[in-house]
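Enquirer: The structure follows.
Numbering (our numbering), first residue to last: 323 to 447.
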């Protein structure tokens with residue numbers, strides 16, 4: 323996954339929907355130490371009690387940035403928004419921690435402005 327515009331955004335969205343709907347034992351998102359700390363807010367692995375089978379993916383900066391880029395594409399923005407809502411309803415602490423970390427680590431104006439509306443909506447929820 324890359325956090326840039328892709329040629330086939332609808333397929334990338336479908337892939338992310340699939341990844342986030344399977345348990346971490348099927349698709350483990352690679353996380354660095356900071357991302358693992360965010361993921362830990364969902365509870366210990368194996369004891370995670372959310373309706374999202376893989377809440378660890380929400381703490382991945384690359385997954386989150388990719389989703390934020392996809393919110394900017396009108397034809398799929400509703401699907402991405404629905405995915406964010408599903409995540410917010412089941413593991414809001416993971417998403418909020420990851421969004422804050424992502425905001426603190428912005429390296430350019432381009433990445434800072436991507437998904438601005440979705441970031442605002444997540445913070446309000």
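Note that the Cβ used here is the ideal one computed from N, Cα and C, for glycine as well.
(1) Taking the alpha carbon of residue 337 as the point to measure from, which residue in 381, 364, 385, 363 has its own alpha carbon closest?
(2) Per DSSP, what kind of secondary structure is residue 353 in: helix, strand or coil?
(3) Which residues mark the beginning and the end of the alpha helix (DSSP H) in which residue 402 is found?
(4) Quick one, are the C-beta atoms of residue 340 and residue 378 less than 8 Å apart?
(5) Going straight from the alpha carbon of residue 329 to that of residue 415, what length do you get?
(6) Can you list, in chain order, the residues of its chain whose CB lies under 8 Å from that of residue 409, leaving out five sequence neighbours each side?
(7) Tell me whether the beta-carbon of residue 355 lies closer than 8 Å to the beta-carbon of residue 420.
(8) Terminal residues of the continuous alpha helix (DSSP H) containing residue 335?
(9) Assuming the contact rule is C-beta atoms closer than 8 Å, residue 455 and residue 422 should be a hit. Round their C-beta distance to whole Å, please.
(10) Between 413, 425, 406, which lies nearest to residue 362 when the distance is taken from Cα to Cα?
(11) List the whole-angstrom C-beta distance separating residue 398 from residue 331, where the pair is believed to meet the contact cut-off of C-beta under 8 Å.
Expert: This is what the structure gives:
(1) As a position in the chain shown, residue 337 is number 15, starting the count at 1. Checking every option, the nearest Cα to that of residue 337 belongs to 385.
(2) Within the chain shown, numbered from 1, the residue matching residue 353 stands at position 31. Residue 353: coil per DSSP, three-state reduction.
(3) Start at 1 with the first residue of the chain shown, and residue 402 comes out as number 80. That run of the alpha helix (DSSP H) goes 399–412.
(4) What you label residue 340 is simply residue 18 of the chain shown in a count that begins at 1. What you label residue 378 is simply residue 56 of the chain shown in a count that begins at 1. Cβ distance not < 8 Å, so residue 340 and residue 378 don't count as in contact.
(5) Taking the first residue of the chain shown as position 1, residue 329 is located at position 7. Taking the first residue of the chain shown as position 1, residue 415 is located at position 93. Taking the straight line joining both Cα atoms gives about 32 Å.
(6) Start at 1 with the first residue of the chain shown, and residue 409 comes out as number 87. So the qualifying residues of the chain are 342, 374, 377, 380, 416, 417.
(7) Numbered from 1 along the chain shown, position 33 holds the residue referred to as residue 355. Numbered from 1 along the chain shown, position 98 holds the residue referred to as residue 420. Between residue 355 and residue 420, the C-beta spacing is not below 8 Å.
(8) One-based indexing of the chain shown puts residue 335 at position 13. Segment 331–341, the alpha helix (DSSP H) holding residue 335.
(9) Outside the displayed range of the chain (323 to 447) lies residue 455, so it cannot be described from this structure.
(10) Here the question's residue 362 lines up with position 40 in the chain shown. The shortest Cα separation from residue 362 among 413, 425, 406 belongs to 413.
(11) Along the chain shown, one-based indexing puts residue 398 at 76. Along the chain shown, one-based indexing puts residue 331 at 9. Right, the Cβ-Cβ distance comes to about 6 Å (below 8 Å), so this counts as a contact.
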